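Participant:
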Amino acid sequence: MEQLDYKFHEKYTALKKRKLLDEGLERKREAELNELYDAMKDWVSELRKDNAELNEKLVEKQDELEKARQEFLEDIRTRDAEILKLKQLLDEKAEKNNSAATGFPCLAPEAVLENSTPLSPKRKTPFSHGKVKRVQLSEDVHHSSPAEEKSE
C-alpha cells in the first residue's frame, strides 16, 4: 500500500508541477497579450491623432486652394475689365480718326452700315418662306389635263 501511495504521490506532484508550469505559462501569455493589447490601443490612438492632424491640414489646403481660385477669378475679371476698357478706347480713337477722315463727325463708316435700311418684315417671317415653298411645290407638281385623265 505504501508503494501505491508513493506512486499516487509522485503522480500528484508531477501533475501539480505541470499545473504550476501551465499556470505560469498562461500568466506569461496573458501578460504578453495584455501588453500587445495596450500597445495596439496606443497605436490606434496615435493613428487617430495623425488622422485628425491630416484632416486639419487637408481642410487648410482646401481653404488655400479656394482662396487662390477666388483671387485668380478676381484677377481675370479685373483684366477682362481692363481689356474691355482698352478696346472701347481703341474703338473711340478709331471712330474719331474715321470721322475726321470722312468729314462727317457724327457718322463713321461702321455707323452707316449699322444704320442701313432694314429688310422688310415680310422677307424675315417664316410664313413668307412657307408661301415660297408652297409656290415651288405647286410648280413642281405635274397637272394632267382632263383628256389625259380619261385616257388613263
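Numbering (the numbering used here), first residue to last: 349 to 500. No residue lacks a Cβ here, since even glycine has one placed at the ideal position from N, Cα and C. Keep in mind it's a predicted model, so treat the numbers as computed, not measured.
Look at the alpha carbon of LYS359 and the alpha carbon of GLU394, and state the distance between them as a whole number of angstroms.
Facilitator: Translated into positions along the sequence shown, residue 359 becomes position 11. Translated into positions along the sequence shown, residue 394 becomes position 46. Whole-angstrom Cα-Cα distance: 52 Å.
Participant: What's the gap between the Cα of LYS365 and the Cα of HIS357?
Facilitator: As a first step, residue 365 is located in the sequence shown; it is residue number 17 there, counting from the start. As a first step, residue 357 is located in the sequence shown; it is residue number 9 there, counting from the start. The alpha-carbon atoms of LYS365 and HIS357 are separated by roughly 12 Å.
Participant: Could you have a look at MET349 and say whether DSSP puts it in helix, strand or coil?
Facilitator: Translated into the one-based positions of the sequence shown, residue 349 becomes position 1. Correct three-state label for MET349: coil.
Participant: Determine the direct distance from the alpha carbon of ASP411 to that of GLN418, and round the result to whole angstroms.
Facilitator: Here the question's residue 418 lines up with position 70 in the sequence shown. Here the question's residue 411 lines up with position 63 in the sequence shown. The straight-line gap from Cα to Cα measures roughly 11 Å.
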